[in-house]
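Numbering (this note's numbering), first residue to last: 29 to 375. We put the beta carbon where it would ideally sit given N, CA and C, even for glycine. Computed from a predicted structure; not experimentally measured. Each remark here refers to the structure printed beneath this line.
Below, the structure is given as structure tokens:
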């Protein structure tokens with residue numbers, strides 16, 4: 029069992045674990061186990077997952093999209109309907125959903141076989157979501173989460189935000205360790221963003237965003253704990269951050285999450301690309317966009333932005349530790365991108 033983080037414990041305290049809540053899903057709960065930000069329920073109908081959600085609009089987007097995908101692909105999470113036919117219930121001051129528990133183990137990114145299985149499964153999942161944009165547009169949703177065509181603006185916005193932060197911090201009379209590390213590193217990261225902007229503007233990005241055969245439902249959080257392996261099959265769970273976009277967005281997400289804790293292993297990145305490609309061919313222009321997205325310093329930017337705009341309820345020590353760790357990995361990331369460029373991984 030994974031150890032609870034403090035932030036998870038605080039979040040779980042907001043759950044109302046009333047038996048009347050479970051009865052709304054026609055469940056009799058015999059036991060429950062906290063896991064990250066959810067609860068595993070041991071019920072009369074098997075093991076389930078209880079999750080508290082923020083709003084119904086996102087939930088409707090996710091369930092509508094997954095119902096469409098399940099017509100051609102079954103290895104994704106399944107929501108349990110409540111007695112009123114909805115996939116969620118309003119209970120006191122919260123909104124709750126229940127999902128079937130997928131038995132298995134988390135994907136181990138240090139295991140080449142796991143990575144290959146997950147990569148092939150991702151391609152199959154993406155294939156099954158073709159046509160998702162038109163389907164969702166005709167589904168009368170209040171929210172249609174999409175990132176189509178937005179990368180250039182996001183890169184430019186990130187650049188402006190970092191320039192603003194640099195100016196603000198430079199004026200501080202007292203600078204702590206985080207501030208000093210930022211000022212030593214920020215120019216290089218701004219230059220990385222400039223490179224991302226240049227590459228995506230020179231690429232075929234805009235045409236890809238209009239190509240229905242490249243538009244899928246991106247999971248958008250393909251960390252190892254959101255990929256469950258069972259009997260040589262990979263199952264995808266937790267679609268909280270899912271959105272419509274070109275598939276290379278998700279390929280980049282999975283690739284970078286899989287290699288960043290392993291010294292940005294170039295060979296592993298090629299295994300991921302080749303495994304995906306064996307199921308659904310990745311085109312040359314997509315690989316060029318992939319490189320542009322990989323060049324963007326996503327982890328650095330998010331951490332710095334969250335710190336200076338107080339977007340996370342983390343301690344200073346936690347922010348500083350994460351910042352130092354990310355910068356320690358930066359040389360590996362730089363070497364990886366250099367090798368990728370030298371090898372001309374553009375098919």
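Of the residues 57, 75, 49 and 89, the one placed nearest residue 268, counting alpha carbons only:
Looking at the Cα atoms, 89 is the closest of the given residues.
Specify, as a first and last residue, the run of the beta strand (DSSP E) that residue 106 falls within. It is not in any beta strand (DSSP E) - residue 106 carries neither H nor E in the DSSP assignment.
TODO: With DSSP as the reference, label residue 291 as helix, strand or coil.
DONE: coil
Subject >> Limits of the beta strand (DSSP E) - the one that residue 361 falls within >> reply: Taken as a continuous stretch (DSSP letters only), residue 361 belongs to no beta strand (DSSP E), being part of the alpha helix (DSSP H) at 358 to 370.
Evaluate the contact criterion for the region 134 to 142 versus the region 70 to 84: three or more CB pairs, one atom per stretch, below 8 Å. no
| field | Selection from 121, 180, 203 and 331 that minimises the alpha carbon distance to residue 355 | value | Among 121, 180, 203 and 331, the Cα nearest to that of residue 355 is on 331.
Hey, residue 224 and residue 183: beta-carbon distance below 7 Å or not? Contact: yes.
**Study point:** beta strand (DSSP E) runs contained entirely in the region 264 to 337, provided each spans 3 or more residues
**Key:** Runs of the beta strand (DSSP E) inside the region 264 to 337: 271 to 274.
Margin query: Under DSSP, the beta strand (DSSP E) around residue 200 begins and ends at which residues?
Written below: No beta strand (DSSP E) contains residue 200, which DSSP labels as neither H nor E.
**Item:** Buried or exposed by the 16-neighbour rule on C-beta atoms within 10 Å, applied to residue 253
**Value:** exposed
Give me the Cα-Cα distance between residue 181 and residue 173, rounded to the nearest whole angstrom.
16 Å
Tell me whether the region 123 to 134 and the region 268 to 277 touch, counting them as touching only if at least three CB pairs, one residue from each stretch, are closer than 8 Å.
Counting Cβ pairs under 8 Å, fewer than three are found: no touch.
Point to revise | Touch test, the region 140 to 150 against the region 274 to 290, Cβ-Cβ under 8 Å, three pairs minimum | key: Here the region 140 to 150 makes contact with the region 274 to 290; the two share three or more CB pairs at distances below 8 Å.
Just to confirm, are residue 151 and residue 342 a CB contact at a threshold of 7 Å? No, the pair does not count as a contact, with Cβ atoms beyond the cut-off.
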